[in-house]
Amino acid sequence: MTAVKIQLVLLSLCLIISCNTNSVPSLSIESVLSEGMKIIVHTPIETVTIEGKQGFARSYSGQNWSKISVLMPRKTRWYGSLGLYDPAESNSPGDRLLIDEGKHFFQSESEALRYIQYLSAYYGPMTYNNSGLVIGYKVIDIPKEKPTRSLTIWQFYINNMKPKSLRGANDRNIAITGGTIPNNAIPINAPVGYERTLADKEYSPSK
Numbered sequence: 002m003t004a005v006k007i008q009l010v011l012l013s014l015c016l017i018i019s020c021n022t023n024s025v026p027s028l029s030i031e032s033v034l035s036e037g038m039k040i041i042v043h044t045p046i047e048t049v050t051i052e053g054k055q056g057f058a059r060s061y062s063g064q065n066w067s068k069i070s071v072l073m074p075r076k077t078r079w080y081g082s083l084g085l086y087d088p089a090e091s092n093s094p095g096d097r098l099l100i101d102e103g104k105h106f107f108q109s110e111s112e113a114l115r116y117i118q119y120l121s122a123y124y125g126p127m128t129y130n131n132s133g134l135v136i137g138y139k140v141i142d143i144p145k146e147k148p149t150r151s152l153t154i155w156q157f158y159i160n161n162m163k164p165k166s167l168r169g170a171n172d173r174n175i176a177i178t179g180g181t182i183p184n185n186a187i188p189i190n191a192p193v194g195y196e197r198t199l200a201d202k203e204y205s206p207s208k
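Taking the numbering used here, the leading residue of the sequence shown gets 2, the next gets one more, and so forth.
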């Protein structure tokens, strides 16, 4: 076998291993989307479509932009989330899409709303439904470059169950097709990287 053929065989094996690893999500990851699931969210900025692909792959699109990311699983609980993320590492500050996806667990509706309030200091107005699916979306203008975007997709659980109502929610702003998010979940035992911060007051959407 020639050296070129050996390299091709090794490359094929690497691709197979990579695909298989990505196709079977770890049970220790608190992700939100499943393969084939589509979330369409009407944020105050624009409508964003999020689609679950095989394994940890996701596609994202909005007005005049689209990106595909293969998310990385977190090894520690990051501000409460043991989910997936993409830091969008790049040599350029522009045209990036930072992603955070995961489950969050609270003991009360007040705790959940206080965390949404904390997030709103960065994202601005938040989008969420009565079932606790929370979306934060921010567009950062970069001089002489395409803007960078930051997007979070979180499923909130209160006492290990999806809420049936959440003050300030608007179900018309979020549509889910192609799959469902479990009604119950239990947080996985994992080391804490950074503690979650709650605001002093609950979030209340501006009228």
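From the three backbone atoms N, C-alpha and C, an ideal C-beta is built for every residue, glycine too.
Fair warning: this is a prediction, and the values are worked out from it, not measured in the lab.
Query, Result
"ASN190 burial status per 10 Å Cβ neighbour count (16 or more: buried)", "exposed"
"Residue from ASN131, TRP155, ARG59 with nearest C-alpha to ILE51", "ARG59"
"Boundaries of the beta strand (DSSP E) in which SER111 is found, first to last residue", "Looking at the DSSP string, SER111 is not in any beta strand (DSSP E); the run it does join, the alpha helix (DSSP H), is 110-124."
"Contact set for TYR195: own chain, Cβ-Cβ below 7 Å, skip 5 residues either direction", "TRP79, TYR80"
"Inter-stretch contact at 8 Å, needing at least 3 Cβ pairs: the segment 175-184 / the segment 107-116", "no"
"Same chain, Cβ closer than 6 Å to PRO192, five either side skipped, listed in chain order", "THR77"
"Of the residues PHE57, PRO206, THR44, TYR138, the one placed nearest ALA176, counting alpha carbons only", "THR44"
"Helix, strand or coil at ASN215 [DSSP, three-state]", "Residue numbering for the chain in the displayed model covers 2 to 208; residue 215 lies beyond these limits and cannot be assessed."
"Distance between LEU72 and SER205 (C-alpha atoms, nearest Å)", "31 Å"
"Whole-angstrom distance between GLU203 and LYS68, CA atom to CA atom", "33 Å"
"Host beta strand (DSSP E) of VAL140 (start-end)", "134-141"
"Selection from LEU199, ALA186, SER207 that minimises the alpha carbon distance to GLU31", "ALA186"
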